[in-house]
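Position one of the sequence shown corresponds to residue 1047 (the numbering used here), numbered consecutively onward.
All C-beta atoms, glycine included, are put in the ideal place defined by N, C-alpha and C.
These notes are about the structure you will find just below.
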Amino acid sequence: MATFDERAATWDTPDRVERARAIAELIRGQGLLPRGARTIEVGAGTGLLGLALADHLGELVLADSSVGMLETADRKIAERGLDHVRTQRFDVVDGSSAIGAPFDAVLSLLMLHHVEDTAAALGAMHRLLAPGGILLAADLDTEDGSFHDPSAEGIHHHGFDRAALGALARDVGFEDVAFQTAFVIRDGGEYPLFLLAARRGGD
């Protein structure tokens, strides 16, 4: 199975672009993300979600552990002349010391199921936020394992049960935890994506 570095150049398929734009429009349309928010997209890959919201945001950091993905994101940033957007290599479970926290908002799109320790990932994203900041994380509802190719590596969860994930979010300190269906992937079956919105308290 090709690594994320190897897949970076061909990652932005029409389906992935459409999915990210649809979720960005949902976020924008519901006013979930304050205009001018200092934002980080965690597990950003090529930055599909963050860049779809870039004109709405203040400083935007696209963070990922894959150098290849970030190189593709850098090219897209340069092509669009986005001076307020930068990339940074970052592993979500390593904490926030080198990433420039705190942020007003943390975004993620189909990242959580690649992280074995979900509570640690949620805790790290909580620490990235300023008091009152918002997490907006989209991922798969629980599925039967058919979404990914059987040879796919780095798949630690076949989606998530919303109630269980919400409980984990509260356990690490998030408040105002809410879910909604954000998109449905149709690829040999139907795979709903939820959008989790949760806020760091005022401390």
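Quiz prompt | At least three beta-carbon pairs within less than 8 Å, the stretch 1204-1214 to the stretch 1170-1178 | solution = no
Exercise. Please state if the CB of Ala1228 and the CB of Leu1211 are separated by a distance shorter than 9 Å.
Key: Taking the sequence shown and counting its residues from 1, one reaches residue 1211 at position 165. Taking the sequence shown and counting its residues from 1, one reaches residue 1228 at position 182. Not in contact: Leu1211 and Ala1228 (Cβ atoms no closer than 9 Å).
Quiz item: Is the stretch 1121-1133 close to the stretch 1152-1172, with three or more CB pairs under 8 Å?
Solution: no
Practice problem: Tell me where the beta strand (DSSP E) around Glu1087 begins and ends. | Solution: Counting from 1 along the sequence shown, the entry for residue 1087 is found at position 41. Start and end: 1085-1088.
Quiz prompt | Residues sharing a beta bridge with Ile1073, DSSP | solution = As a first step, residue 1073 must be located in the sequence shown, where it is residue number 27. Paired residues: none, contrary to the question.
Quiz item: To the nearest angstrom, how far is it from the Cα of Pro1218 to the Cα of Pro1060?
Solution: Stepping through the sequence shown from its first residue, residue 1218 is reached at position 172. Stepping through the sequence shown from its first residue, residue 1060 is reached at position 14. Here residue 1218 turns out to be Val, not Pro, going by the sequence shown. Rounded to the nearest angstrom, the two C-alpha atoms are 36 Å apart.
Self-check item: Bounding residues of the alpha helix (DSSP H) (the contiguous stretch that carries Val1152)
Solution: Within the sequence shown, residue 1152 is the residue found at index 106, counting from 1. Premise fails: Val1152 lies in the beta strand (DSSP E), 1149-1155, not in any alpha helix (DSSP H).
Quiz item: Taking the continuous beta strand (DSSP E) assigned at Val1107, which residues delimit it?
Solution: Locating residue 1107 in the sequence shown gives position 61, counting from the first residue. Segment 1106-1110, the beta strand (DSSP E) holding Val1107.
Self-check item: Gly1212 (DSSP reduced to helix, strand or coil)
Solution: If you number the sequence shown from 1, residue 1212 lands on position 166. Gly1212: helix per DSSP, three-state reduction.
Practice problem: Work out the CA separation of Asp1233 and Glu1052 for me, nearest whole Å. | Solution: Here residue 1052 is taken as the residue at index 6 of the sequence shown, counted from 1. Here residue 1233 is taken as the residue at index 187 of the sequence shown, counted from 1. Rounded to whole angstroms, Glu1052 to Asp1233 spans 23 Å at the Cα level.
Practice problem: Indicate whether Leu1099 and Ala1119 have their beta-carbon atoms separated by less than 9 Å. | Solution: For this step, residue 1099 is matched to residue 53 along the sequence shown. For this step, residue 1119 is matched to residue 73 along the sequence shown. Not in contact: Leu1099 and Ala1119 (Cβ atoms no closer than 9 Å).
Quiz item: Quick one: is Gly1169 near chain C, going by C-beta distance under 9 Å?
Solution: In summary, chain C is missing from the structure at hand, where a single protein chain is found.
Exercise. For Ala1215, collect the residues of the same chain with a Cβ closer than 6 Å to its Cβ; drop the 5 residues on either side in sequence, then sort them by chain order.
Key: As a working note, residue 1215 is residue 169 in the sequence shown. Correct list, in chain order: Leu1168, Val1223, Ala1244.
Quiz prompt | Collapsed DSSP secondary structure at Arg1246 in the structure displayed | solution = Position 200 of the sequence shown, counted from the first residue, corresponds to residue 1246. DSSP places Arg1246 in strand when its eight states are reduced to three.
Quiz item: Does the beta-carbon of Glu1236 have 16 or more other beta-carbons within 10 angstroms, so that it is buried, or is it exposed?
Solution: On the sequence shown, residue 1236 is found 190 positions in, with the first residue counted as 1. Flag for Glu1236 reads exposed.
Exercise. Would you kindly work out how many angstroms separate the C-alpha atoms of Gln1134 and Leu1079, rounded to a whole number?
Key: Position 88 of the sequence shown, counted from the first residue, corresponds to residue 1134. Position 33 of the sequence shown, counted from the first residue, corresponds to residue 1079. Each residue's Cα considered, the two are about 22 Å apart.
Exercise. Rank Gln1076, Ala1183, Gly1089, Lys1122 by C-alpha distance to the C-alpha of Leu1097 and give the top, closest one.
Key: Taking the first residue of the sequence shown as position 1, residue 1097 is located at position 51. Nearest option by C-alpha distance: Lys1122.
Quiz item: With DSSP run on the structure shown, which of helix, strand or coil describes Ser1143?
Solution: In the sequence shown, counting from the first residue as 1, residue 1143 sits at position 97. Caution is warranted here: a pLDDT of 47 is assigned to Ser1143, below 50, making its placement in the model unreliable, and no coordinate value can be reported.
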